[in-house]
Every structure is written in structure tokens, then in C-alpha cells.
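Student: All residue numbers for the sequence shown refer to UniProt numbering, where the first residue is 1 and numbers rise by one. Below you will find the structure I want to go over with you.
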Amino acid sequence: MEFIAIDFETAHSARWSICQVGIVKVKNGEIIDRYESLVRPPDNRYNSFNTTIHGIDASMTVNAPSFYEIWEDVLPYIEGQLVVAHNAQFDIGALQQVLELYDLDVPYFEYDCTYKATNAALDDLCYTFGWELKHHDALADAEACAKVYVELHRERAFPEIIKNPFKKKKGNTPFRTQLTGDILQPDFENADPESPFYRQKVVITGLFNSWERYELASILKKLGAKINTNISGQTNMVMVGSDPGPSKLKKIDQFNANGKYIQKLSEIELKEIFEILK
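In C-alpha cells form, the structure reads like this:
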């Protein structure tokens with residue numbers, strides 16, 4: 001088996017804001033080559049939430065090359081290859097968007113996704129197999145993705161996933177703070193009535209890798225949503241991130257059991273919808 005595993009870290013919510021690239025090449029089930037580089041995103045601008053995830057900030061990339069400058073090195077790994085990523089929709093989208101940003105041609109390649117194949121977080125997969133993982137380091141995540149893909153294609157049953165009990169909890173960070181103020185005031189006049197969120201009462205619970213809570217609420221508000229802070233019989237949708245509030249999930253189940261349909265959307269589902277709406 002021969003393929004490329006990739007991972008991108010981003011400086012903020014825009015996928016083209018790549019700040020680190022990790023690539024490994026696999027042949028006959030073994031890693032034979034590695035490539036890693038910090039990348040200076042456009043304007044070297046960072047969202048503090050992204051920095052809390054991967055630990056990279058503007059001081060670390062101020063003298064790093066832009067993606068345009070490293071593309072000549074990256075291209076041979078991608079062109080004509082099978083490219084694998086954990087949550088490929090994000091990583092392939094990041095690659096396509098950054099190439100469009102710099103007016104570079106998107107090469108031909110095929111891709112596959114270990115997240116869709118396993119429906120499990122990368123750190124849980126590594127814990128299951130007993131592998132160490134420096135999570136959200138692009139090269140470490142690419143290597144872990146490669147090893148998972150190899151395991152998926154071995155002629156034996158894939159093991160039952162064990163949740164990592166040592167997973168770092170994000171806890172009560174500023175990104176979980178209660179939404180207040182103008183963000184709770186709807187803006188129906190400037191929103192597209194065709195949006196699936198138009199005039200929908202939505203609640204956000206949990207933490208999201210791609211957005212701060214206020215940032216996600218702002219996106220939904222622009223799409224016509226009415227942001228609420230609590231689940232009620234009037235709630236239409238709930239955006240469910242990692243480590244969601246158990247009381248909110250319980251309320252959803254109670255309302256739905258009594259004939260009220262409240263739709264739950266995961267981060268991956270939200271990304272898919274936002275991509276379609278672009």
C-alpha cells in the first residue's frame with residue numbers, strides 16, 4: 001500500500017490560514033518519508049482559540065515561509081497520489097482554499113478519510129492502539145493518521161475504540177462563556193431567507209475546534225438564526241460541540257420524546273452546511 005497522510009493546522013477559522021503542514025509518505029505499510037514546516041499565514045494573524053489548540057502563535061511564524069513559498073516542496077507529495085487525512089473534509093478544504101488564495105492550480109489527487117472510516121477522535125484511536133501522540137502537531141497527527149489507515153487495511157478486525165481517559169479537558173475557558181448582548185438580537189432583514197438557519201431558534205453547547213462560541217454565533221446570526229442560550233420547546237436546532245452540557249442534551253431528549261423535534265448538528269455537519277452555503 002502506498003499513500004500520503006497530511007495534516008494542516010490553521011491560525012484562525014478560515015481554512016486557508018494554514019500555519020503548519022505535516023506530511024508522511026507510506027509505502028508497503030511503512031513510513032518512508034516525512035515533511036514538516038511552520039507556515040506564515042496571510043498577515044500572520046491568529047485567533048487565540050486556535051493557538052490554545054495547537055500552541056502556535058504569530059511570534060513562531062513571523063519569519064516562516066508562506067504556503068506559496070513551500071508549495072514547490074509540497075506539490076510532489078500531493079500530485080497524483082492517494083492523500084489521507086483525519087477529517088479529510090477540513091484538510092482537503094484547507095489545501096484547496098490556500099491554493100485558490102495564491103492563485104495556484106489544484107493538482108489531481110484522490111483522497112480518503114480515517115475519521116469517516118472510524119468515527120473516532122484521533123487521540124482515542126492512538127490510545128486504543130497504545131501509540132503516543134503529540135496531538136495538534138501537524139506532523140504527529142499526520143503520522144498517527146497514516147498508522148490508523150494502515151491498520152484499517154490489515155486483514156484483521158479493527159478493534160473497538162477505547163476512549164482516552166487522559167484526554168485534556170478544555171474546562172471552563174473563556175470560549176465557553178455565556179453568550180450575551182447584541183449577538184442574541186436576530187438580524188432577519190440582512191439574512192438570506194433561503195438559509196436553512198433563517199428564523200430558526202438555535203442553541204450552542206460544547207466547544208468547537210474551528211470557531212470560538214461567539215464566532216460561531218456570529219456566523220449563524222448572519223445566516224438568519226435567532227441565538228438562544230437555553231433549550232426550550234421553541235428550540236429548533238442545537239449546535240453540539242465536544243464536551244457539551246449534559247443538562248442541555250437531556251432536555252433535547254425529553255422534548256423529542258414528547259413529540260418535539262430538535263435537530264442536533266455536530267461540528268462536522270456544520271462545516272459541511274457552511275461549505276455548501278459559500
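Where is the CB? At the ideal position from N, CA and C, for every residue including glycine. On a predicted model such as this, the values are computed, not experimentally measured, just so you know.
(1) Evaluate Thr205 with the Cβ neighbour count: other Cβ atoms within 10 Å of its Cβ, from every protein chain shown; 16 or more gives buried, anything less gives exposed.
(2) Please confirm if the segment 31-38 is in contact with the segment 177-190, defined as three or more CB-CB distances below 8 Å between the two stretches.
(3) Looking at C-alpha atoms only, which residue of Glu215, Tyr214 and Val202 is the closest neighbour of Ile262?
(4) Please identify the residue among Ala121, Val106, Phe158 and Pro165 whose C-alpha is closest to the C-alpha of Ala144.
(5) Note down the Cα distance separating residue 279 from Lys226, rounded to an integer number of angstroms.
(6) If we count the other Cβ atoms within 10 Å of its Cβ and call it buried at 16 or more, is Val21 buried or exposed?
(7) Cα separation between Thr180 and Asp141?
(8) Could you tell me the boundaries of the alpha helix (DSSP H) in which Thr128 lies?
(9) What are the complete alpha helix (DSSP H) segments, minimum 4 residues, inside the segment 9-92?
(10) Would Gln96 and Phe3 be called neighbours here (beta carbons separated by less than 9 Å)?
(11) Is it the case that the Cβ atoms of Asp137 and His54 are separated by a distance below 9 Å?
(12) Inspect the beta-carbon positions of Ile23 and Glu9 and report whether they are closer than 9 Å.
(13) Return the CA-CA distance between Thr51 and Ala11, expressed in angstroms with no decimal places.
(14) Where does the unbroken alpha helix (DSSP H) through Glu272 begin, and where does it stop?
(15) How would you label Leu104, buried or exposed, when you count the other beta carbons within 10 angstroms and need 16 or more for buried?
(16) Tell me the DSSP secondary structure of Glu110 in three-state form.
(17) What span of residues does the alpha helix (DSSP H) with residue 318 cover, start to end?
(18) What does the Cβ neighbour count give for Lys25, buried or exposed, with the cut at 16 atoms within 10 Å?
Tutor: A quick look at the data gives this:
(1) As a working note, residue 205 is residue 205 in the sequence shown. Buried: at least 16 other Cβ atoms inside 10 Å.
(2) no
(3) Along the sequence shown, read from residue 1 onward, the residue named residue 262 stands at position 262. For the residues Glu215, Tyr214 and Val202, the minimum Cα distance to Ile262 belongs to Val202.
(4) Sequence index remark: in the sequence shown, residue 144 carries index 144 (1-based). The residue with the shortest Cα to Cα distance from Ala144 is Ala121.
(5) No statement about residue 279 is possible, as the shown extent of the chain runs from 1 to 278 and does not include it.
(6) Your numbering for residue 21 matches position 21 in the sequence shown. Answer is buried; the Cβ neighbour count reaches 16.
(7) Counted from its first residue, the sequence shown places residue 180 at position 180. Counted from its first residue, the sequence shown places residue 141 at position 141. Distance between the alpha carbons of Thr180 and Asp141: 36 Å.
(8) Here residue 128 is taken as the residue at index 128 of the sequence shown, counted from 1. Segment Leu122 to Phe129, the alpha helix (DSSP H) holding Thr128.
(9) 48-54, 58-61 and 67-78
(10) Taking the sequence shown and counting its residues from 1, one reaches residue 96 at position 96. Taking the sequence shown and counting its residues from 1, one reaches residue 3 at position 3. Contact: no.
(11) The sequence position of residue 137 within the sequence shown is 137, counting from 1. The sequence position of residue 54 within the sequence shown is 54, counting from 1. A contact, by the Cβ cut-off of 9 Å.
(12) Here residue 23 refers to the residue found at position 23 of the sequence shown. Here residue 9 refers to the residue found at position 9 of the sequence shown. Contact flag unset, no.
(13) Mapped onto the sequence shown, residue 51 falls at position 51. Mapped onto the sequence shown, residue 11 falls at position 11. Taking the straight line from one Cα to the other gives about 7 Å.
(14) Looking up residue 272 in the sequence shown gives position 272. Glu267 to Leu277 is the span of the alpha helix (DSSP H), which, as asked, contains Glu272.
(15) Indexing the sequence shown from 1 puts residue 104 at position 104. Exposed, by the Cβ-count rule.
(16) Counted from its first residue, the sequence shown places residue 110 at position 110. Reduced to three states, the DSSP call for Glu110 is strand.
(17) Past the boundaries of the shown model lies residue 318; the chain is included only from 1 to 278, so the question cannot be answered.
(18) In the sequence shown, residue 25 corresponds to position 25, counting from 1. Answer is buried; the Cβ neighbour count reaches 16.
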